[in-house]
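Position 83 of the sequence shown, counted from 1, bears residue number 117 in our numbering, the numbering being contiguous throughout. For every residue, glycine included, the Cβ atom is placed at its ideal position computed from N, Cα and C.
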Amino acid sequence: MTRRILQLFIGLAMYGMSLAMFIRAGLGLDPWDVFHQGMAGRTGLSIGAVVIIVSFLVLLLWIPLRQRPGFGTLCNAVLVGVFADVGLALIPAFAHLGGQIGMLAGAVLLNAIASACYIGARFGPGARDGLMTGLARRTGWSVRFSRTLIEVVVLAAGWLLGGSVGVGTVVYALAIGPLVQLLLPVFKVPAALPPEDDSPELQQAGTAAAGQ
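Next comes the structure, spelled out in structure tokens:
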């Protein structure tokens, strides 16, 4: 249990820091964070605050889907946003392309490690992954189709709000699934330990999306 909790918190901290790295790279964000950035720009709130608020709003959508949050779900809803703001306070922006590319590559890798840590700890899905798997379960759609539908909607909304869409958005979409699938066996806790959520849908989500 100690390993699982430690892995959970480390994974969430790294996830928030990776979000800050994506922003500082300035080459585009993943779909949900395009939306978060767009909302932050329109509201004047920090992006971390927007991540937290949106997480709890998404959790409200779990109610009709009959999803139940786990301990990790609630920790995810708060800590990713907190560490995103910490990362933005610590990490400088890069003005030259070489630094931006290096920051983007580091952000993708750190995000994949963070996602594998979080999913491998098996304390329940993040709010956004739970929405995806819950929608798939209630409608009969595949997890992949549900994920694509949700992310296209939030990406379009975020772009209209002024969020950053660019090469980083494409790189993330292509790289994150294979990287998480590669890393997940390294961080998955032994099956003998009782998970809060080890459903097939969550495992599919883990290889198709990030830990949020």
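Cβ-Cβ distances below 6 Å link Ala47 to Phe117 in the same chain, with the five nearest sequence neighbours on each side left out; the list follows chain order.
The C-beta separation of Pro65 from Gly164 comes to about 16 Å, leaving the pair out of contact by the 8 Å criterion. The segment 186-201 and the segment 71-91 touch, with no fewer than 3 CB-CB distances between them shorter than 8 Å. Between the segment 134-144 and the segment 103-119, the count of C-beta pairs closer than 8 Å stays below three; the two stretches do not touch. Across the set Cys151, Leu42, Gly82, Ala190, the C-alpha of Gly82 shows the shortest separation from the C-alpha of Ile57. Note on Ser180: 16 or more other CB atoms within 10 angstroms of its CB, so buried under the neighbour-count rule. The C-beta distance from Leu144 to Ser52 rounds to 4 Å, short enough to meet the 8 Å contact threshold.
In terms of CA proximity to Ala129, Ala59 leads the group Ala59, Met35, Pro103.
The criterion of a C-beta distance shorter than 7 Å is satisfied by Phe221 and Ala150. Here the C-alpha atom of Ala54 lies approximately 34 Å from the C-alpha atom of Arg172. A straight-line Cα-Cα distance of about 19 Å links Asp67 and Arg178.
It is roughly 15 Å from the alpha-carbon of Pro212 to the alpha-carbon of Thr203. A distance below 8 Å between beta-carbons, with the five flanking residues on each side excluded, links Cys109 to the following residues of its chain, in chain order: Leu42, Phe43, Leu46, Phe157.
The alpha carbon of Leu113 has as its nearest neighbour, out of Leu95, Gly50, Val92, the alpha carbon of Gly50. As the crow flies, the alpha-carbon of Leu93 is around 13 Å from that of Thr167.
Residue burial annotation: Ile210 is buried, with at least 16 other C-beta atoms found within 10 angstroms of its C-beta. Around the beta-carbon of Ala170, 16 or more other beta-carbon atoms lie within 10 Å, marking it buried.
For Val220, the enclosing alpha helix (DSSP H) stretches over residues 201-221. Assigned with DSSP and collapsed to three states, Leu195 falls in helix.
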